[in-house]
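Visitor: Residue 162 in UniProt numbering sits at position 162 of the sequence shown, with consecutive numbering throughout.
Yeah, the Cβ is synthetic: ideal placement off N, Cα and C, and Gly gets one too.
Here the structure is a predicted model, which is why all the values come from computation and not from measurement.
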Amino acid sequence: MNKIKVAIIDSGIDMNHPCLSYREVTGIKLIEEDGNILFKNCIIDSHGHGTAVAGIIFEKCSEVDLLSIGILDGDLKCKFTYLKAALQFAINADVQIINLSLGTVMEKYKEVLKSLCDEAERKGIFIVAAVNNDTNSSYPADFPNVFGVRSKYIIYKHGFVFNPNGLHVYANGFQQKVCSKDGAHLYVSGNSFAAAHFTGILANIIYSMGCQKRDSIIEQLIKARLDLTKLENEEDYNHFPKINKGLLFPINEENIERIRLHQKGDPEIIGFYDYRTFYFDYYQVKTPDGNKEVRIYSSLEEGLEKADTLLIGDVSFISYQQKKDLLQNLIKKAITLGKNVLVKDAFHPDEHKELYELAKKKGKFIKSKYI
């Protein structure tokens, strides 16, 4: 089957990002000249939001031919006329899925958006839209022919919750590492990214089935969905507090980059923990604002004194058994010290029930990368 054609209406895409430069991406943006809306080629992202969305979609389904339509500015805002024109452009381009990790709460735009979504449905196009993070109602996510997506912590790579009555969806929108503009990576959360996860999952289902028929796709989504009640009952797996101060382990390129590209809204990094020997107590990281000295702690207890969360990154430099033992020991110690843990590797509650139970008993949380 041919690749799935997906349109992302967002802030654009950084087509030079290492995670996207080898992908099939066509980029355009909307501009206004003399009162007329024009479409022009574009390979940049005004914010980074669209690049994050694209990276998530490709991670879920590699068989995607992406059309990026940039309408949002650096503050993630645009005129409604831009959104209207972009939607019409995507519909006319005969894409199979339109991802809208955005929306409006303005009632005056409701009818125009509904008309466009109805047109897309008649052409067999699926629309995936993020529900507003701050309100219960937003458009086009509220429309019955649009997949309206909310965030939930779901550890399974292709996991989602789906209610066919109204096309309500929950997907993974918990804090996660995503691509951003200028080759960067950020840690973000929200319904926008949950929508991107579901778009990728939907694209994968359409590609696997070799079918675009709406009823058949809905039927497959019902078969593949997770049980919402079960997820909500497992509170220790599905909730995680905001990270304010984190301790990074280990010292590697990934974590150094996280400090180098630290942005407003990212958790404060107390320092590095690493059991390996370093001559100096500080690691110098070159940042856009100059060199930054980051404290290295050889004692996990000391490093976690001022942190609320242990952030465990890539530990692929050691063997599988060593990694398994190391993660268990680090996580147990952090939880015992009254700290939360975010671990990049898959750390499934079924395989580590005792540690998850310990975390629950302590009122703390373990968040594992989705599997």
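1. For K40, tell me which candidate among H47, S46, L30 has the shortest Cα-Cα distance.
2. Could you name the residues that DSSP lists as bridge partners for T336?
3. For H352 and G303, I'd like the C-alpha separation in whole angstroms.
4. From V95 to E59, what does the alpha carbon distance come to, in whole angstroms?
5. Counting beta carbon pairs with one atom in the region 298-314 and one in the region 247-265, are three or more of them shorter than 8 Å?
6. Which partner residues does G210 have in the DSSP bridge list?
7. Could you tell me which of G290, D73, T199 sits nearest to I56, measuring between CA atoms?
8. When burial is assigned at 16 or more other CB atoms within 10 Å of the CB, is M106 buried or exposed?
9. Which residues share a DSSP beta bridge with N163?
10. Thinking just about the alpha-carbon of each residue, which of Y187, G27, L20 is nearest to the one in E268?
11. For F80, count the other beta carbons within 10 Å of its own beta carbon; 16 or more makes it buried, fewer makes it exposed. Which is it?
12. State the DSSP-derived secondary structure class of D10, mapped to helix, strand or coil.
13. Report the three-state DSSP secondary structure of V112 (helix, strand or coil).
14. Answer with buried or exposed for I366, where buried requires no fewer than 16 other C-beta atoms within 10 angstroms of its C-beta.
15. Do you know offhand how far R276's Cα is from S298's?
16. Let me confirm a value: T309 is counted as buried when at least 16 other C-beta atoms fall within 10 Å, else exposed. Which label applies?
17. Here's the rule: buried if 16 or more other CB atoms are within 10 angstroms of the residue's CB, otherwise exposed. What is I371?
18. What's the gap between the Cα of N291 and the Cα of T336?
19. Determine the contact status of A130 and A224, defining contact as a CB-CB distance below 8 Å.
20. Leaving aside the five residues before and after C61 along the sequence, list all residues of the same chain whose C-beta is less than 8 Å from its C-beta, in chain order.
21. Using DSSP with H/G/I as helix, E/B as strand and the rest coil, what is C19?
22. Name the one or two DSSP bridge partners that L186 has.
23. Roughly how many whole angstroms lie between the Cα atoms of I97 and A307?
24. In whole angstroms, what separates the C-alpha of G159 from that of E33?
25. Who does Q284 pair with in a DSSP beta bridge?
26. Of the choices Q176, Y156, V149, K157, whose alpha-carbon is the least far from that of P164?
27. Please go through the same chain and pick out, in chain order, the residues whose beta-carbon is closer than 7 Å to the beta-carbon of D142, but skip the five residues on each side of it.
28. Between which two residues does the beta strand (DSSP E) containing V53 stretch?
29. Assuming contact is defined by CB atoms lying nearer than 8 Å, are L327 and D350 in contact in what I supplied?
Guide: The answer reads as follows:
1. Closest option to K40, Cα to Cα, is L30.
2. T336 is not bridged by DSSP to any residue.
3. If you take the alpha carbons of H352 and G303, they lie about 24 Å apart.
4. Answer to the nearest angstrom: the Cα atoms are 19 Å apart.
5. Here the region 247-265 lies against the region 298-314, with 3 or more beta-carbon pairs under 8 Å apart.
6. Beta-bridge partners assigned by DSSP to G210: none are found.
7. The option with the nearest alpha carbon to I56 is T199.
8. With fewer than 16 other Cβ atoms within 10 Å, it is exposed.
9. Note: N163 sits in a beta bridge opposite H168.
10. Of the listed residues, the one whose Cα sits closest to E268 is Y187.
11. Exposed, by the Cβ-count rule.
12. DSSP places D10 within a strand segment (E or B) once states are collapsed to three.
13. Correct three-state label for V112: helix.
14. Buried is the call here.
15. Cα-Cα distance, rounded: 8 Å.
16. Its Cβ being crowded by 16 or more others within 10 Å, T309 is buried.
17. In this predicted model, I371 has a pLDDT of only 37, less than 50, meaning its place in the structure is not dependable enough to derive any value.
18. Each residue's alpha carbon lies about 35 Å from the other.
19. At least 8 Å separates the beta-carbon of A130 from that of A224.
20. I4, G200, I201, A203, N204, Y207.
21. C19 carries a coil assignment under DSSP once its states are collapsed to helix, strand and coil.
22. DSSP links L186 through a beta bridge to V178.
23. Rounded to the nearest angstrom, the gap between the Cα atoms of I97 and A307 is 42 Å.
24. Their backbone Cα atoms lie some 44 Å apart in a straight line.
25. Answer by DSSP bridge pairing, in chain order: E293.
26. With respect to the C-alpha of P164, the residue from Q176, Y156, V149, K157 having the closest C-alpha is V149.
27. Closer than 7 Å at the Cβ level, and outside the excluded window around D142, lie G148.
28. For V53, no beta strand (DSSP E) encloses it; the enclosing alpha helix (DSSP H) starts and ends at 49-60.
29. Against a cut-off of 8 Å, the Cβ pair of D350 and L327 comes out as no contact.
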